[in-house]
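In what follows, a structure is listed as structure tokens, so that the remarks can point back to it.
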Amino acid sequence: MRLDVTVERLIPLPPATVAAYAMDWRHDHEWTRGIRHAALTREADGGGFGVGAEVTRTAYFLGRRFDYVLRVAGHHPPVVLDMVSSAGPTPMHVTYTFEPTQGGTFARIRVRGDSTGVHRLTALLSRPVRTSLAADLRALEARLTR
Numbered sequence: 001m002r003l004d005v006t007v008e009r010l011i012p013l014p015p016a017t018v019a020a021y022a023m024d025w026r027h028d029h030e031w032t033r034g035i036r037h038a039a040l041t042r043e044a045d046g047g048g049f050g051v052g053a054e055v056t057r058t059a060y061f062l063g064r065r066f067d068y069v070l071r072v073a074g075h076h077p078p079v080v081l082d083m084v085s086s087a088g089p090t091p092m093h094v095t096y097t098f099e100p101t102q103g104g105t106f107a108r109i110r111v112r113g114d115s116t117g118v119h120r121l122t123a124l125l126s127r128p129v130r131t132s133l134a135a136d137l138r139a140l141e142a143r144l145t146r
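Heads up: the sequence shown at position 5 corresponds to 5 in our numbering, and the numbers run straight through without jumps.
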């Protein structure tokens, strides 16, 4: 079994504005509800943030603390940020996409996870993950449009 949750929201701003903020790990804790702390713990091969960089996040979800590391697998501003877990409680793949539309930016977050073996509970988390991600996109819009 696998977790595969996608949420979408139209944000009335240009993709470059939305992506610049959302793709910057230093803002993770400001708009991503469960994240309390994020740190760039490995720079990309060319330095800074990009493919190969790793961000360590401390998050709280359903009352539990989780520490995990996401490695940047794809970084194409202002369109896509693709990350896979390299350490943490469960294998995870997170993709942010930002598509231009007549009304602004169509923002999408997709989270996939492995729910085989010890991670079988992951499949039961679809609803709370969807709820949390939808709240994150609302918070992103609120932060950028206030």
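C-beta: ideal position from N, C-alpha, C; glycine also.
Discussion item. Restricting to runs no shorter than 4 residues, where is the alpha helix (DSSP H) found entirely within the region 10-36?
Written reply: 15-22 and 28-31
Fill in: the region 68-76 in contact with the region 4-14 per 3-pair CB rule at 8 Å
no
Item to complete: Output the residue ranges of the beta strand (DSSP E) runs that lie fully inside the region 76-105 and measure 3 residues or longer, sorted by chain position.
Response: 80-87 and 92-101
Discussion item. Please report the distance separating the alpha-carbon of residue 67 from that of residue 145.
Written reply: 30 Å
Worksheet item: How about the region 24-42 and the region 51-65: do they share at least three Cβ pairs that are nearer than 8 Å?
Response: yes
Practice prompt. State the Cα-Cα distance for the pair residue 178 and residue 107, rounded to the nearest angstrom.
Written response: Only positions 1 to 146 of the chain appear in the structure, and residue 178 is not among them; the question remains open.
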